[in-house]
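>
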Amino acid sequence: MTPQQFAGLKERASIFRHDSVTLRAARLKKLVQWLETHEDDVVFALQRDFNKPKFETLISEIMPSLNEARYAVSHLKSWMKPTCVRTPLTLMGHKSYVRHENRGVVLIISPWNYPFQLAVVPLISAIAAGNAVVIKPSELTPHTSDLIKKMVEQCFYSNEVCVELGGKEKTEELLEYDFDHVFFTGSTAVGKIIAAKCATRLISTTLELGGKSPTIVDETANLNEAADKIFWGKYLNRAQTCVAPDYLILHESIAEKIIEKIDTLAAKHDGQNKGYIISERHHQRLKDMLDTPEDLNKKTLVTLKTDSLSHPAMKEEIFGPVLPYLTYRTATDLNALISVKEKPLSLYVFSKNPKFVDFVLNQFPSGGAGVNSLIVQFGNHHLPFGGVGQSGNGAYHGKHGFIEMSHARAVIQQNYFSILRKLLMPPYSDFKIKVIELFKNYIS
Ligand code: NAD
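The sequence shown begins at 2 in our numbering and counts up one residue at a time.
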């Protein structure tokens, strides 16, 4: 990107500050129309990139993007309206409100694992909030990244939204520009690099990162249901999902039973056509976790019993069809298995015991959580989606995304009489001190 192009985006972002709802909605509607008419192109691009099945592309790439865009169009008016807030008695005569204003030019850096929607959904939030946008999609999914570029060129002027293709070097080049916000989705390791670079210029960031998301199953859980859901969570996208169940913690009384069920489900799908593991590097990384590495090619899912957190599969985010499990006897055993790890993006618990569920939610923080359910929290745009601590910060989806991509500007406006001015002006007489003494108990 040239400095002239960047200056063009900055200029356009300042024009967007004056947007009406209609103008902004019109930009989003172009995207809706494109998504409605290019489903096959998205399916084809993802098939070429990593053999992603059509069904998975529909539910995890196209539907979330289309729903998000339609929802933004229909709620934009209420989101853009200034929000009135109360004014304390001491500031009587003022009106107070919050204006959600655009940040300016936003850089969206996206990963390969859901390469379409993880670029498009943040784009929708950024446009809804009135920003100009640069997208840097993943270099590991070239067909989808090319399609995103085409989509953007067909829907927007190049000084509104543009796509910059390339890998690490391209990101480094882009980060030399004075973006107003960087929205990064990817690994925790790269997130730290991006955050450090942005910190030198005080550029705000949203970091949507990964981590090891635990799934706890207690002795009261419905095992058939839990097994189905856990299996699907590891089947979808060949387990290359940021909110996939990374490892299991099973009550010792049901551990064998549920693993048998998961293994049976997985065996049914061995040898069938499914998504690929994205690269040779990731393939090798996964093989290194296994005693019998050839299982990775033969099996749909490899379950592994381990009683140690130092097992290779317990050291880093797995991001593939390997599922280690540990067992526990009492709820306090869980501390040693979960609290020692970083705060994950998600935490799941399968149980019919509300007290146990409460204990787990209170005891172990995570970005999001599922109770007798997993992954689908992603599909509800009324919920904020994001991490905490090492799994990231900031959140998006629906109105949360609009707010994340905006600046909440506090405005206080003098409307009628102003006792305050007379009180604040020097000299600070004894009488004024008495008035303040009186008022200080009424501050609300
Ligand atoms: P990644 O961190 O390797 O890459 C993400 C983006 O950063 C890509 O566009 C890439 O080109 C760029 N990049 C890579 N190395 C860089 C560097 N050194 N400097 C600057 N830019 C660099 O992540 P990935 O492998 O594409 O995706 C997988 C990771 O993303 C997993 O950890 C997963 O949990 C996480 N993830 C998180 C979410 C979420 O919503 N929280 C969603 C999907 C994936």
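For glycine and all other residues, C-beta sits at the position ideal for the given N, C-alpha and C. The model shown is predicted, which means the values in this text are computed figures rather than measured ones.
Does the distance from the CB of residue 71 to the CB of residue 33 come in under 9 Å?
In this structure, residue 33 lies closer than 9 Å to residue 71 by Cβ.
> Which partner residues of residue 349 appear in the DSSP bridge assignment?
Partner(s): 216 and 371.
> For residue 393, write down the residues that DSSP places opposite it in a beta bridge.
Answer is 209.
> What do you get for residue 89, buried or exposed, if any count of 16 or more other CB atoms within 10 angstroms of its CB means buried?
Residue 89 is exposed by the Cβ-count criterion.
> Counting Cβ pairs, one atom from each stretch, are 3 or more of them under 8 Å apart for the segment 61–76 and the segment 399–409?
Yes: at least three Cβ pairs fall under 8 Å.
> Looking only at C-alpha atoms, which of 432, 407 and 431 sits nearest to residue 127?
It is 407.
> Can we say the segment 363–383 touches the segment 336–348, given the rule of at least three CB pairs closer than 8 Å?
Result yes; three or more Cβ-Cβ pairs closer than 8 Å.
> Using a threshold of 8 Å, is the CB atom of residue 346 nearer than that to any non-hydrogen atom of the ligand NAD?
Because some heavy atom of the ligand NAD lies under 8 Å away, the Cβ of residue 346 counts as near it: yes.
> Do residue 118 and residue 65 have their C-beta atoms within less than 9 Å of each other?
In this structure, residue 65 lies closer than 9 Å to residue 118 by Cβ.
> Please identify the residue among 436, 412 and 409 whose C-alpha is closest to the C-alpha of residue 420.
Here the closest residue by C-alpha is 436.
> Do you know offhand how far residue 190's Cα is from residue 210's?
Cα to Cα, the separation comes out at about 9 Å.
> Shorter than 8 Å, the distance from the beta carbon of residue 114 to the closest heavy atom of the ligand NAD, or not?
For the ligand NAD, at least one heavy atom lies less than 8 Å from the Cβ of residue 114.
> Whole angstroms are fine: how far does the CA of residue 20 sit from the CA of residue 236?
Approximately 44 Å between the Cα atoms of the pair.
> Taking residue 251 and residue 158 to be in contact with their CB atoms under 8 Å, please state how far apart those CB atoms are, rounded to whole angstroms.
Not really, about 54 Å apart at Cβ, beyond 8 Å.
> Could you pull out every residue in the same chain whose Cβ sits closer than 6 Å to the Cβ of residue 265, ignoring the five residues on either side in sequence?
Closer than 6 Å at the Cβ level, and outside the excluded window around residue 265, lies no residue.
> For the alpha helix (DSSP H) that contains residue 366, what are its first and last residues?
Looking at the DSSP string, residue 366 is not in any alpha helix (DSSP H), and its letter there is neither H nor E.
> Any idea which residues DSSP pairs residue 43 with across the strands?
Its beta-bridge partners do not exist; DSSP assigns none.
> Using C-beta distances below 7 Å, list every residue in its chain close to residue 113, excluding the 5 sequence neighbours before and after it, in chain order.
These residues qualify, in order along the chain: 139, 141, 142 and 279.
> When you compare only the Cα positions, how much space is there between residue 18 and residue 339?
C-alpha separation (whole angstroms): 45 Å.
> According to DSSP, simplified to helix, strand and coil, what is residue 310?
DSSP places residue 310 in coil when its eight states are reduced to three.
> Please list the terminal residues of the continuous alpha helix (DSSP H) segment that includes residue 79.
Segment 64–81, the alpha helix (DSSP H) holding residue 79.
> DSSP beta-bridge partners for residue 410?
Beta-bridge pairing links residue 410 to 100.
> Looking at chain D, is there any beta carbon in it that lies within less than 9 Å of the beta carbon of residue 202?
Looking at the structure shown, chain D is missing, and only one protein chain is on hand.
> Considering only residues of the same chain and omitting the five flanking positions on each side of residue 336, which have a CB-CB separation below 8 Å?
So the list reads 364, once near-sequence residues are dropped.
> Judging by CA-CA distance, which residue of 319, 310, 357 and 31 is the nearest neighbour of residue 303?
Among 319, 310, 357 and 31, the Cα nearest to that of residue 303 is on 319.
> Determine, using beta carbons only, whether residue 44 and residue 63 come nearer to each other than 9 Å.
Closer than 9 Å, so yes.
> On the three-state DSSP scale, how would you describe residue 325?
Residue 325: strand per DSSP, three-state reduction.
> Examine the Cβ distances between the segment 216–231 and the segment 349–357 and report whether three or more of them are shorter than 8 Å.
Yes: at least three Cβ pairs fall under 8 Å.
> Give me, in chain order, the residues of the same chain whose beta-carbon lies closer than 6 Å to that of residue 301; leave out the 5 immediate sequence neighbours on both sides.
Contacts found: 267, 270 and 271.
> At a cut-off of 8 Å, would you count residue 376 as near the ligand NAD, judging by its Cβ distance to the nearest heavy atom?
Because no heavy atom of the ligand NAD lies under 8 Å away, the Cβ of residue 376 does not count as near it: no.
> Should residue 185 be listed as close to the ligand NAD, given that the test is whether its C-beta is under 8 Å from any heavy atom?
Result yes, Cβ under 8 Å from the ligand NAD.
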